[in-house]
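Asks: The structure's right below; bear with me while I get my questions together.
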Amino acid sequence: SEISAFSLGFPQASHSELPHAEKAARILGIPITPLMFEPQAFGEPERLVEMFDEPFADVAAMPTYALAKAARGSITVALTGDGGDEIFGGYEHHVVGYWLDRLRAGQGPRAAIARTLAGLVPVDTRFRGPLRTLRRGLEALGCEGYREGTLMMRANLQPGERSALYTRAFQNEVALHDPYAALLPPGGKSAPIERLFGLSEDRMFADLFLLKSDIASMAAGLETRSPFLDGPLVDFAARLPLDLLISGAKG
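Residue 327 is where the sequence shown starts when you use my numbering, and the numbers rise one by one after that.
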C-alpha cells in the first residue's frame, strides 16, 4: 500500500518545521498533506483536560492531537518522528551542552568573560530566537560547572524567576529536594555530554514525549509507532562521535 505523510506547521516560520518535512517527503517520493495550526482556532481546550486527566504542561499536546485527528481521516496507523531529535542531538540544549563540555564551563577567566558578555545581550522573551539562544548559551558557560550550566539550559524557570513566583513557604519546601539529582548526578561513568543525551532516554520519553503522543493520538483513534526508538538504531546513534551529531551551532 502507498505510504502517505502528514505534517503540521505554524504561521511563525521560526517555529514551523513544515518546510523540512516537505523537503524530506520530496526526497523520499512520498505524498505529503501539509496542515497549518492556528492556536487561536483550537476550539477544544476542554478536550485536552479530558484526555490527560491531570495537569499536563507540554504545549505540543494541542498540535499533536490536531495532527492525529486530521490524519485519522485517511489512515489508522502512523509512524512518528518521536526520538529523532533526542538520539541525534537535534535540540538547542544538545548544542550548548556540547560546547559546555568542550570549553569546560565554569573554569577560570572564560566563565567570567561569558557572564560579562551575557549581560550585554538584550533579553529576548520569545520561545525561540538567536538572541535568546546566545544569551542562554553564555549564561550556561558562566555557570560554576557543566552540571549547573546544563540544568540552567534544561530548566523552564531560572532561579530568579522561581524566587519571584514561589511563596517563601514553597521555596523552603522545594529547597530540601533536588529534582535533578537522579537525572544528572555530579558523578557517573559516562562523560557529562553523554549523560545529557541519557536524560531523554531515561526520563523524558516515558514521562513526557511518548505519554503525550500516545494519549493525543489514541484520543483521535490513531495508533502510532516510533521507528526512531528501535533498539538497534538507538544503539547505533549512541556510538556516533559527537562531532558528527553537533556541527558548530547546529545539531
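For every residue, glycine included, the Cβ atom is placed at its ideal position computed from N, Cα and C. Quick caveat: nothing in here was measured; it's all calculated off a predicted structure.
(1) According to DSSP, is Leu502 part of a helix, a strand, or is it coil?
(2) With H, G and I counted as helix, E and B as strand and the rest as coil, what does DSSP make of Lys515?
(3) Buried or exposed: where does Met544 fall if 16 or more other Cβ atoms within 10 Å of its Cβ makes it buried?
(4) Answer yes or no: do Val421 and Ile572 have a C-beta to C-beta separation smaller than 7 Å?
(5) Give me the Cβ distance between Thr476 and Gly416, rounded to the nearest whole Å; I'm assuming they're in contact under 8 Å.
(6) Using DSSP's beta-bridge definition, name the partner residues of Arg494.
(7) Taking buried to mean at least 16 other C-beta atoms within 10 Å of its own C-beta, is Lys538 buried or exposed?
(8) For Ser573, which of helix, strand or coil comes out of DSSP?
(9) Am I right that Phe535 and Asp408 are in contact with their C-beta atoms under 8 Å? What's the rounded C-beta distance?
(10) Express the C-alpha separation of Pro485 and Leu426 in angstroms, rounding to a whole number.
(11) Just grab the DSSP bridge partners of Ile358 for me.
(12) Do Ala444 and Leu464 have their C-beta atoms within less than 7 Å of each other?
(13) From what residue to what residue does the alpha helix (DSSP H) around Thr390 run?
(14) Three-state secondary structure (DSSP) at Thr550?
(15) Compute the Euclidean distance between the alpha carbons of Ser333 and Lys349, then round it to the nearest angstrom.
(16) The beta strand (DSSP E) with Val447 in it runs from where to where?
(17) So Ile541 packs on Phe414, CB below 8 Å; how close in whole Å?
(18) Which residue from Leu374, Glu474, Leu467 and Glu499 puts its Cα closest to that of Arg436?
(19) Just the Cα atoms here: how many angstroms apart are Lys515 and Leu393?
(20) On the CB-based measure, 16 or more other CB atoms within 10 Å of its CB, does Leu548 come out buried or exposed?
(21) Mind checking Ala397: buried by the 16 CB within 10 Å criterion, or exposed?
(22) Between the Cα of Thr550 and the Cα atoms of Arg373, Tyr391, Leu344 and Ala339, which residue gives the shortest distance?
(23) Compute the Euclidean distance between the alpha carbons of His341 and Lys576, then round it to the nearest angstrom.
(24) Report the rounded CA-to-CA distance for Ala532 versus Phe382, giving the unit in angstroms.
Replies: Checking against the coordinates, here is how it stands:
(1) Looking at Leu502 - three-state DSSP - the assignment turns out to be coil, as it is neither helix nor strand.
(2) Its pLDDT being 49, under 50, Lys515 is placed unreliably in this model, and the value from its coordinates should be taken loosely. Reduced to three states, the DSSP call for Lys515 is coil.
(3) Under this definition Met544 is an exposed residue.
(4) The answer is yes: Cβ separation under 7 Å.
(5) Contact doesn't hold; Cβ gap of about 17 Å is too wide.
(6) Paired residue(s): none; Arg494 is not in a bridge.
(7) When all chains shown are included, Lys538 counts as buried.
(8) The answer is strand: DSSP assigns Ser573 an E or B state.
(9) Contact annotation, Phe535 with Asp408: C-beta distance approximately 6 Å; criterion of less than 8 Å satisfied.
(10) In a straight line, the C-alpha of Leu426 is about 20 Å away from that of Pro485.
(11) Answer is Ala331, bridged to Ile358.
(12) It is a contact, given that the beta carbons lie within the stated cut-off.
(13) Thr390 -> alpha helix (DSSP H) spans Ala387 to Ala397.
(14) Under the three-state reduction of DSSP, Thr550 is assigned to strand.
(15) Their Cα atoms are separated by approximately 11 Å.
(16) No beta strand (DSSP E) holds Val447; DSSP gives it neither H nor E.
(17) No, Ile541 and Phe414 are not in contact; Cβ-Cβ is about 25 Å, not under 8 Å.
(18) For Arg436, the nearest C-alpha among the options comes from Leu467.
(19) In this prediction, Lys515 has a pLDDT of 49, which is less than 50 and means its spatial position is unreliable; what the coordinates show is noted afterwards. In this structure, the CA atom of Lys515 is about 41 Å from the CA atom of Leu393.
(20) Buried.
(21) Flag for Ala397 reads buried.
(22) With respect to the C-alpha of Thr550, the residue from Arg373, Tyr391, Leu344 and Ala339 having the closest C-alpha is Tyr391.
(23) A direct Cα-to-Cα measurement between His341 and Lys576 gives close to 16 Å.
(24) Cα to Cα, Ala532 sits roughly 14 Å from Phe382.
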